[in-house]
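Presented below is the structure to which this report refers.
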């Protein structure tokens with residue numbers, strides 16, 4: 001099999017087989033496909049798209065490029081959350097302790113910034129002395145002890161995504177829906193969560209600027225997540241303006257802390273309640289969305305999340 005032929009095939013809008021996609025990911029991870037050829041097929045995917053079947057194969061190949069974390073030793077349903085990114089998006093920093101305070105364990109691996117968006121790990125590292133690189137055993141122990149932990153991905157967790165992530169960032173292919181789906185869902189599956197809540201941002205400050213495209217992205221991610229055995233929910237949120245008032249890693253951390261004190265900007269607080277309510281429902285802590293939202297409001301009022 002020649003990778004050149006796969007580039008031509010995708011350039012012409014044809015569907016790649018599972019064998020071809022597995023070959024593409026495996027060979028690239030083993031440095032047998034140069035960046036210039038992978039860049040070519042990424043651009044072909046950007047313009048020609050992928051079928052749902054291709055996206056599923058791509059996601060599976062990326063998951064299988066490394067280890068899959070086993071979180072079964074942590075009691076309860078582990079729910080993960082992921083945002084497609086925006087400006088001032090600090091929801092994870094507030095959500096993790098909020099959801100953990102409601103009894104749903106949050107074992108989360110977060111990434112760094114992509115394009116103009118700030119990454120959760122970058123924000124956490126603005127806290128002096130905060131360690132985001134922990135062993136898997138330490139990570140699991142912290143979740144068991146306090147209910148939540150956020151770390152940076154290990155090098156053997158979906159390594160294909162790490163390589164493609166960096167290449168997309170410099171080749172103008174960040175906004176490709178198939179590549180976004182593969183990146184996000186592969187990381188969530190490899191990270192071992194039982195259920196996933198997705199925040200799909202749309203507007204001028206997001207990668208996906210049109211609402212219809214965000215809706216399409218959310219639907220595809222939910223479909224792929226469900227097909228691969230994970231309960232998955234997507235929420236489309238507005239990113240026409242920065243979330244909250246603070247811009248800059250350390251300032252955004254302070255703003256997230258204000259939310260945990262039952263203060264902070266209303267838009268950030270509201271989004272945390274919406275996403276958190278879905279996380280509680282998937283985690284089996286509440287019967288429905290409204291009960292979850294009310295539970296989280298009480299948790300914020302009582303200061304339980306802040307104490308986490």
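Numbering (the UniProt record's numbering), first residue to last: 1 to 308. The C-beta atom is built at its ideal place from N, Cα and C for all residues, glycine as well.
* Where residue 384 and residue 65 are concerned, what is the direct C-alpha to C-alpha distance, given to the nearest angstrom? -> Within the shown structure, residues of the chain are numbered from 1 to 308, placing residue 384 beyond reach of any answer.
* To do: Mind checking who residue 288 pairs with in its DSSP beta bridge?
  => To locate residue 288, count along the chain shown from 1; it is residue 288. Paired residue(s): none; residue 288 is not in a bridge.
* Just checking my contact of residue 126 with residue 249 at CB under 8 Å: how many whole Å lie between their CB atoms? -> Within the chain shown, residue 126 is the residue found at index 126, counting from 1. Within the chain shown, residue 249 is the residue found at index 249, counting from 1. Between residue 249 and residue 126 the Cβ distance is about 4 Å, and since that is below 8 Å, they are a contact.
* Asked: To the nearest angstrom, how far is it from the Cα of residue 133 to the Cα of residue 121?
  -> In the chain shown, residue 133 corresponds to position 133, counting from 1. In the chain shown, residue 121 corresponds to position 121, counting from 1. Rounded to the nearest angstrom, the two C-alpha atoms are 10 Å apart.
* To do: Can you tell me which of the three DSSP states residue 87 falls into?
  => What you label residue 87 is simply residue 87 of the chain shown in a count that begins at 1. Note: residue 87 maps to coil in three-state DSSP.
* Cβ contact check for the stretch 261–273 and the stretch 288–307: 3 or more pairs under 8 Å -> Between the stretch 261–273 and the stretch 288–307, the count of Cβ pairs shorter than 8 Å is three or higher; the stretches touch.
* May I ask whether a heavy atom of the ligand GDP can be found less than 7 Å away from the beta carbon of residue 173? => Among the ligands in the structure shown, none appear at all, so the ligand GDP cannot be discussed.
* Nearest neighbour of residue 217, chosen from 20, 55, 39 [CA to CA] -> Your numbering for residue 217 matches position 217 in the chain shown. Out of 20, 55, 39, 55 has the C-alpha closest to the C-alpha of residue 217.
* Given 8 Å, three or more beta-carbon pairs between the stretch 196–206 and the stretch 77–94 -> Yes, the stretch 196–206 touches the stretch 77–94.
* As assigned by DSSP and simplified to three states, the class of residue 216 -> Here residue 216 corresponds to residue number 216 of the chain shown, with the count starting at 1. DSSP places residue 216 in helix when its eight states are reduced to three.
* Would residue 396 be called buried (16 or more neighbouring beta carbons within 10 Å of its own) or exposed? -> This structure leaves residue 396 out entirely; the chain is present only between 1 and 308.
* Buried or exposed for residue 290, please, with buried defined as at least 16 other CB atoms from any protein chain shown within 10 angstroms of its CB. => As a first step, residue 290 is located in the chain shown; it is residue number 290 there, counting from the start. Exposed, since its Cβ has fewer than 16 Cβ neighbours within 10 Å.
* Which parts of the stretch 62–143 are runs of the beta strand (DSSP E), unbroken and 3 residues or longer, counting only runs that do not cross its ends? -> List check, beta strand (DSSP E) in window: 79–83, 106–109.
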